[in-house]
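Visitor: After the structure tokens below, expect a handful of questions from me.
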Amino acid sequence: MEEMGAQVLEIDIQDSQSVEQLNMKFDAIIHLAAQVSVPKSIQNPEMNHSININGTEHILKLAHRNNINRFIFASSSAVYGDCETLPLR
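Every letter in the sequence shown is one number past the one before it in numbering that gives the first Met the number 0, and letter 49, counting from 1, is 48.
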């Protein structure tokens, strides 16, 4: 992405203060942060919620506060489970 002129920021989206301190002009947000392991989500649901729900909420609030109209969210294939046939429809 950086080769295409995009600036990549790596922050802890669980930390609302870190997210709120981003005072930059954004054209878009591509949200790729997540805890995707199903076993880990079962073992530690609080951590899973903190990352996937609270973290995403922090990023969405940042987008809203800064009038960012382009928000791309990439999910993992874990949401589909173990499929035996492809492509998924």
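For glycine and all other residues, C-beta sits at the position ideal for the given N, C-alpha and C.
Can you say whether Ile58 is buried or exposed, counting buried as having 16 or more other CB atoms within 10 angstroms of its CB?
Guide: That one is buried.
Visitor: Exposed or buried, what is Ile41 when buried is set at 16 or more other beta-carbons lying within 10 Å of its beta-carbon?
Guide: Result: exposed.
Visitor: Can you give the Cα-Cα distance for Phe25 and Glu9, rounded to whole angstroms?
Guide: Straight-line Cα distance between these residues: approximately 15 Å.
Visitor: When DSSP builds the beta bridges, which residues end up paired with Asn29?
Guide: For clarity, residue 29 is Ile in the given sequence; the question names Asn instead. Answer by DSSP bridge pairing, in chain order: Ile71.
Visitor: Where do the ends of the alpha helix (DSSP H) carrying Ser40 lie?
Guide: Looking at the DSSP string, the run of the alpha helix (DSSP H) that includes Ser40 is Val37 to Gln42.
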